[in-house]
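Read left to right, the sequence shown gives residues 545 to 811 (the numbering used here). Just so it is clear, CB atoms sit at the ideal spot from N, CA and C, and this is done for glycine as well. Remember, it's a predicted structure, so these values are computed and weren't measured experimentally. Worksheet: one structure, shown below.
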Amino acid sequence: MAASIVTAVSLYGISFGALAVAAGFTFWQTVALSVLMFTGGSQFAFIGVIAAGGSPAAAFSSATLLGVRNTLYAVQIKALLNPLGWKKLLAAQVTIDESMAAATAQPTTAEQRRGFWLTGVGIWIGWSTATAVGALLGDVIADPEAFGLDGAVVAAFLGLLWPRLKSAEPWALAVLAALVTTLTMPVVPAGLPVLIAAVVAIGWGMVSARLKPAEPPLARASLTTDDDASAGTDMTAGTGTTAEALTGQQGRSGSEDATVTDDRSRG
């Protein structure tokens, strides 16, 4: 899974490198954007604003808005993997859509960790390398649609999403998120549609969790009944034993009294 995602996304980095150089960025500026910023949507937004004549501040604001979604990913990656020390800094750098998706698609903690690191670090290296290649080639491959590179990225995301649509609820949530994104794209700035869809998904999850009926504590009730019955049996047995002991003591006491009376009579 990591290999297929890394290949698809890295190829798209060639297009970014070519577009950045065409927008007026130098080779090293283009490579620095991929190595340091490392979030494709934000990078394309940054060079797009600059190419359209916008200010660096406007480009930075647009890129930052698109990258806010990574904050949501980081919270879950922290809970799943809990990286420590220098790994925490590296994990922050490689927390992107693809590494998050590859990690959460795995069934065990070990596979989640492997999926995250292989995908994140692999794309970081591949994307930066492909950016350098695209920057060197220039305008020859500036149009990603000419090579189908944009389709490769979409196919990779669909491949990650498809195995998770196993019941009606995930399907309904996916359709709702897509609908919200489509409706908000024409009316809000770039980056906000994804965040709005994320908020809708979080709200869905909270409401769904509250609506699910609580499981009846059958096991606890059964355990309590068994314990009570056992305790009742022990009490009954104990009572019987005590009665027998008392009866025996009374019998011995009566015998002793009779013996004393007989001795007195003979005396």
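Of all alpha-carbon atoms in Met545, Thr570, Leu563, the one lying nearest the alpha-carbon of Ala647 is that of Met545. Cβ contact annotation for Gly670 (same chain, cutoff 8 Å, sequence separation greater than five): Val550, Thr551, Val553, Ser554, Gly557, in chain order.
In the structure shown, Val565 falls within a helical segment according to DSSP collapsed to helix, strand and coil. In this structure, Thr675 sits away from Phe588, with a CB-CB distance that is not shorter than 8 Å. Look at the region 628-673 and you find these whole runs of alpha helix (DSSP H), each 4 residues long or longer: 630-637, 641-648. Only residues of its own chain outside the window of five on either side were considered, and among them Ile594 have a CB closer than 8 Å to the CB of Pro600, listed in chain order. Following the DSSP letters along the chain, one finds Trp572 inside the alpha helix (DSSP H) bounded by residues 571-576. Between the C-alpha atoms of Val575 and Gln620 there is a straight-line separation of about 29 Å. Secondary structure at Asn626: coil, using DSSP grouped into helix, strand and coil. Per DSSP, the unbroken alpha helix (DSSP H) holding Pro714 starts and ends at 712-728. Between the C-alpha atoms of Ala745 and Ala618 there is a straight-line separation of about 17 Å.
In the structure shown, Leu705 adopts helical secondary structure according to DSSP, grouped into three states.
Within 10 angstroms of the beta-carbon of Glu713 lie fewer than 16 other beta-carbons, which makes it exposed. The Cβ atoms of Val665 and Val638 sit closer than 8 Å to each other.
In the DSSP annotation of this structure, the continuous segment of the alpha helix (DSSP H) that includes Phe590 starts and ends at 584-595. With respect to the 8 Å criterion, Leu736 and Thr728 are classified as neighbours on the basis of their beta carbons.
Shown here for Gln656: same chain residues with a beta carbon closer than 8 Å to its own, the five before and five after excluded, namely Leu624, Leu625, Ala647, Thr648, Gln650 in chain order.
Gly682 sits in a helix when the DSSP states are folded into three classes. Each of Gly659, Val579, Phe590 was checked against the Cα of Trp668, and the nearest Cα belongs to Val579. DSSP, read as helix, strand or coil, puts Met545 in coil. Distance from the Cα of Leu662 is smallest, within the candidate group Met644, Gly678, Ala679, Ala742, for Met644. Separation of Thr653 and Ile740 (C-alpha to C-alpha, rounded to the nearest whole angstrom) is 29 Å.
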